[in-house]
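Protein chains in written order, with UniProt numbering: chain W, 1 to 190; chain S, 1 to 203; chain E, 1 to 249. Note sheet for the following structure.
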Amino acid sequence: MIFTTHTTKSGFLLPSIHSAPPFFTEQPNPATQAIATDHWIRLILGYARHRKLFFLKVEDAETSSNDWDEVLKNERINRKVLPSHLSYVLEAMVKKNVAVYEPSKQTRTVMLYWRTPEEWAETLHNWASSTGQLTTILTYYDITDPPVESELTGIPVPLLKKAIAILAKAGKAQVIGISEGEGVRFFAGN
Amino acid sequence: MGANSSIPKITAQDRAILDLKLQRDKLKQYQKKIQGVLDREHAIAKAHLEAGQKERATIALRRRKYQRSLLVKTDSQLENLEQLVSTIEFSLVEVSVLHGLKQGNEVLREIHKELSIENVEKLLDETHEAQQYQREVSEMLSNTLTLDEEDAVQEELREMQEEVLRQREVLRLPDAPIERPVSAVEGEQVPASHQSKIPIPAA
Amino acid sequence: MHRKGVGLAAFDRREQSNRSFAELSSALNKSQIDHLHAQLTQFRAALVHFASTHRDSIKNDPSFRHAFQQMCSSIGVDPLAGPRKGGWWAELLGLGDWQYELGVQIVDICVSTRERNGGMIEMSELIRLITKLRGVDHGAVTEDDVARSISTLRPLKAGYQVTVVGGRKMVRSVVKELDEDQTTILILAQEEGGRVVEDMLVQRRGWTRERAHAAMDNMLLRDGLCWLDEQDEHEGRAYWVPSAMQWDL
Chain W
1 MIFTTHTTKS GFLLPSIHSA PPFFTEQPNP ATQAIATDHW IRLILGYARH
51 RKLFFLKVED AETSSNDWDE VLKNERINRK VLPSHLSYVL EAMVKKNVAV
101 YEPSKQTRTV MLYWRTPEEW AETLHNWASS TGQLTTILTY YDITDPPVES
151 ELTGIPVPLL KKAIAILAKA GKAQVIGISE GEGVRFFAGN
Chain S
1 MGANSSIPKI TAQDRAILDL KLQRDKLKQY QKKIQGVLDR EHAIAKAHLE
51 AGQKERATIA LRRRKYQRSL LVKTDSQLEN LEQLVSTIEF SLVEVSVLHG
101 LKQGNEVLRE IHKELSIENV EKLLDETHEA QQYQREVSEM LSNTLTLDEE
151 DAVQEELREM QEEVLRQREV LRLPDAPIER PVSAVEGEQV PASHQSKIPI
201 PAA
Chain E
1 MHRKGVGLAA FDRREQSNRS FAELSSALNK SQIDHLHAQL TQFRAALVHF
51 ASTHRDSIKN DPSFRHAFQQ MCSSIGVDPL AGPRKGGWWA ELLGLGDWQY
101 ELGVQIVDIC VSTRERNGGM IEMSELIRLI TKLRGVDHGA VTEDDVARSI
151 STLRPLKAGY QVTVVGGRKM VRSVVKELDE DQTTILILAQ EEGGRVVEDM
201 LVQRRGWTRE RAHAAMDNML LRDGLCWLDE QDEHEGRAYW VPSAMQWDL
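Structural data, given as structure tokens:
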């Protein structure tokens, strides 16, 4: 049998291992399982980046027709990831610091770091300066839902806050809080 | 440390602007919600119509109409809010421009202090004096020679001129010809050489 | 006294003749060595000429390389064996690196595919991947080349070896002996394109269910030579042997 790569409807190139039936089963051999998990992590982060997806839930393996169908299922070989398997992969991702449980204190949903908070901080600062919005007071909504779509469109607020905190530490951002909510102001920095 | 100093304090104005913007966000989100309701009512009306329930379809459409009027209302509110925010932000820009102008003015005044008319006149006078002095020095230098010395200078000049002339005489050599000899001369001489080479017949 | 004198003289004479024999032999030796040197120089010149005219053919044409290899091995030298073994041959021909380079590529592929095939790769698959890696035409690297390169890797003691399983050559990159049962399973996997279920072993090989189960368990848990698939349509539980599967990189 020959295992080949496959381009999905959304234009994502699935690796050849995605067409191997045992890839969708948790492996009892720890070494083999570690290899398979690495492949899964790479695949999930790659797909999340491709589709700009920020969250992955154990539930995504339980329901059908969601954003993750193309990855968590392979209809050509009639295989799918079982929820317990996905839960294991999510745990491994959190351990590797490429995802965090969001909200914390639960283990069914993770927020994916296909860009690290540090990288997001840089993206955020670049966006603010290139759109001439340094020293302007911005609401989070201004950033996540700008009139002109940007790289930051749709970024979840918890991730945005992490990026802002990094910039604030470097003296490039200032958080302004009032009873109604929060805002932020960016500076050129040194 | 150094970075912190460049971060301005949060003023009451800042808070007011943020408050306005947050209100604006709420309106925007509300509009999004209404838009969703509009779409849904439209779908409901359509479904009822397809099922032949004209009454219900009309009710749905009526509800839709009402929601739509709300949307229009929020539109104008949103416009007001955004205008207000823009005005405030623009005023802040004006304030900072004014501040900049003020500072520029201050600097100019400082510079002008240095540049008082008195100073300039004094400087010009000094320059004039210096020029005068220079001229006097050169005049004095040209007038300090005695008559004898002047004669000697003249004599030396004459000798030098003569020597130059002499040298020219000595070196007066004919120029090397730079053109071919003229044929007229050739015509005369060639036959002569011919004649000289003609063997004399034995007598 | 006389006798003694005669004896001494005779001894002297013998010594003298011995010396002259020795001189003669060393002179002969010298001339022979000179002759050999001359021959060697000539041979070297010829080889340099040969190498410079045919280097590209040796590097790129597998059949030419094979013929050259055979010619060289019949006179007891291996110019492609690498700088250390080939000595000045390799230096002269500039070909010693070829075999080592291939060796490095073999290790590269074996190591990078080990995680999914457990350290066993089929020869044809290995050659396919090498060809892809080198960006050369199919057939530019032969089984012979690979086998030869693997033998140059022996000093590394990494366990690289060519073994024959079910009539098919496989390259093993882990120090592991396959037992008889594993060999049988591997052969079956090759026939089936990678997929093995216990029933196949019971029905086709006449194994008991226990033996089949234990052997598969060993392959799976102990050796990491196969992967488990619990969503198999027919049996519910199937084993996949990656070394018998063909992958796109």
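No residue lacks a Cβ here, since even glycine has one placed at the ideal position from N, Cα and C.
At a cut-off of 9 angstroms between beta-carbon atoms, F187/W makes contact with chain S.
In chain order, I176, I178 make up the part of chain W whose C-beta sits under 8 angstroms from the C-beta of R15/S. The residues T184, in chain order, have a CB closer than 7 angstroms to that of R205/E in the same chain once the five nearest residues on each side in sequence are set aside.
Taking the CA atoms as reference points, E192/E sits about 29 angstroms from R42/W. In the assembly as shown, G159/E is an exposed residue. Its beta-carbon has fewer than 16 other beta-carbons within 10 Å. Under a criterion of Cβ atoms nearer than 7 angstroms, the residues of chain E adjacent to I2/W are, in order, Q246. Restricting attention to E198/E, F21/E, I33/E, the CA atom closest to the CA of Y239/E is found in E198/E.
Within its own chain, the residues whose Cβ lies closer than 6 angstroms to the Cβ of E102/W, once the five positions on either side in sequence are excluded, are M111, P158, listed in chain order. Proximity of D232/E to chain W, defined by a Cβ-Cβ separation below 9 angstroms, is satisfied.
At a cut-off of 9 angstroms between C-beta atoms, D145/W counts as an interface residue with respect to chain S. A straight line joining the alpha-carbon of L108/S with that of L123/S spans about 21 angstroms.
DSSP places L53/W in the coil class of the three-state scheme, outside both helix and strand. Within the stretch 70-90 of chain W, the residues whose Cβ lies closer than 7 angstroms to some Cβ of chain E are N78, R79, listed in chain order.
Not flagged as an interface residue toward chain S: G154/W, since no C-beta distance is shorter than 9 angstroms. In this structure, the CA atom of R135/S is about 53 angstroms from the CA atom of H99/S.
DSSP places F90/S in the uninterrupted alpha helix (DSSP H) bounded by 54-114. Every unbroken stretch of the alpha helix (DSSP H) spanning 4 or more residues and falling wholly within the stretch 152-219 of chain E is given here in chain order: 180-192, 198-205, 209-217.
Residue-level contact check: L133/E does not touch chain W, since none of the beta carbons of chain W fall below 9 angstroms from its beta carbon. By the Cβ rule, the stretch 174-181 of chain W counts as touching the stretch 17-36 of chain S, because three or more pairs are nearer than 8 angstroms. Contacts with chain W at 9 angstroms (Cβ-Cβ) do not include L186/E. No Cβ of chain W is located within less than 9 angstroms of the beta carbon of D75/S.
Here Q27/W carries a coil assignment [DSSP, helix/strand/coil].
When secondary structure is reduced to three states using DSSP, G181/W falls in the strand class. Secondary structure of A244/E (DSSP, three-state): helix. Contact of I164/W with chain S by beta-carbon distance below 9 angstroms is absent, the smallest such distance being about 13 angstroms. Assigned with DSSP and collapsed to three states, D223/E falls in helix. Boundaries of the beta strand (DSSP E) around V110/W: 109-112. Contacts between D229/E and chain W, judged by CB atoms closer than 7 angstroms, involve P21, P22, T25 in chain order.
Legend: CB atoms of the stretch 30-61 of chain W lying less than 7 angstroms from CB atoms of chain S are not found in any residue. When DSSP states are grouped into helix, strand and coil, V148/W belongs to the coil group. Contact note: L22/S reaches chain W through T139, Y141, I178, E180, G181, E182, G183, using a C-beta cutoff of 9 angstroms and chain order. Restricting attention to L186/E, E210/E, H234/E, T208/E, the CA atom closest to the CA of W227/E is found in L186/E.
For a Cβ distance threshold of 8 angstroms, residue set Q174, I176 of chain W lies close to I10/S, ordered along the chain. For T136/W, at least one C-beta of chain S is nearer than 9 angstroms to its own C-beta. Residue pairing by DSSP places N74/W opposite R79/W in a beta bridge. Cβ-Cβ separation between S149/E and Q99/E: approximately 5 angstroms, consistent with a contact (criterion under 8 angstroms).
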